[in-house]
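For the sequence shown, the tail end lands on 130 under our numbering, and the numbers increase by one without skipping. A quick write-up on the structure given underneath.
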Amino acid sequence: MTKTISGGCKCGAIRYLGVASDVTAFRCYCRDCQRLTGTGHSDMFPLVAETFQLVGPFSEYQMTGGSGRSTWSVFCPTCGSPLTRRSERMAHCVYVHAASLDQPEVYVPSRSIYTEAAQPWDAPNPDH
Numbered sequence: 003m004t005k006t007i008s009g010g011c012k013c014g015a016i017r018y019l020g021v022a023s024d025v026t027a028f029r030c031y032c033r034d035c036q037r038l039t040g041t042g043h044s045d046m047f048p049l050v051a052e053t054f055q056l057v058g059p060f061s062e063y064q065m066t067g068g069s070g071r072s073t074w075s076v077f078c079p080t081c082g083s084p085l086t087r088r089s090e091r092m093a094h095c096v097y098v099h100a101a102s103l104d105q106p107e108v109y110v111p112s113r114s115i116y117t118e119a120a121q122p123w124d125a126p127n128p129d130h
């Protein structure tokens, strides 16, 4: 069964829609995610890239990720909400920040990555 997922930024200027991917949702503790979100980690929910639609004015930041390949982050230029991450490495998915989901309760992380970069005040949960 196909599950359509929607969400958007805090101020409502940007909305997105896409189909949930069968790739696992995860919590990332890398320094890039810490800096991009302003917290100790990011909670990422995967959507199928070819179904993903983003409506509204957005800002996109391109950088080189830990894999050495390009990654992109989308933010709302009005309220600053981080919305998505995507990468060359996982081009079939667009990862939305779980807190931006209209129904954030659908997010259930199954693993944590880059835990070695976790800050002592945001220790990884051993359950995922």
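For each residue, glycine too, the CB sits at the ideal point set by N, CA and C. Every value quoted in this text rests on a predicted model; they were computed, and no experiment measured them.
DSSP three-state assignment for residue i, whether helix, strand or coil
i: R113; result: strand
i: P106; result: helix
i: A51; result: helix
i: C35; result: helix
i: A101; result: helix
i: D62; result: Checking the sequence, you will find Glu at residue 62 rather than Asp. Here E62 sits in strand by DSSP.
i: A15; result: coil
i: A119; result: helix
i: T86; result: strand
i: T6; result: strand
Contact under 7 Å by Cβ, residue i with residue j
i: R87; j: R71; result: no
i: Y116; j: Y18; result: no
i: R33; j: H43; result: no
i: T84; j: H99; result: Sequence check: residue 84 is Pro here, not Thr. Against a cut-off of 7 Å, the Cβ pair of H99 and P84 comes out as a contact.
i: S114; j: P126; result: yes
i: S89; j: T66; result: no
i: V96; j: A51; result: yes
i: S8; j: D124; result: no
Backbone CA spacing between residue i and residue j [nearest angstrom]
i: P79; j: F60; result: 6 Å
i: M3; j: V25; result: With a pLDDT of only 48 at M3, under 50, the local geometry of the prediction cannot be trusted, and the value read off the model is given with reservation. Going by the C-alpha atoms only, they are around 15 Å apart.
i: L49; j: V110; result: 14 Å
i: T53; j: G20; result: 5 Å
i: S75; j: Q64; result: 7 Å
i: K12; j: L38; result: 16 Å
i: I16; j: G10; result: 5 Å
i: T41; j: C81; result: 17 Å
Candidates the options, of which the one nearest residue i by Cα
i: K5; options: S23, C11, K12; result: S23
i: V57; options: S114, H99, G14, A93; result: G14
i: S102; options: W123, F77, P122; result: F77
i: G68; options: Q121, C35, T41; result: C35
i: M144; options: Q55, E62, A27; result: This structure cannot settle anything about residue 144, because the visible part of the chain is limited to 3 through 130.
Chain C contact for residue i (CB, 7 Å cutoff)
i: S102; result: Structure shown: chain C not included; a single protein chain is present.
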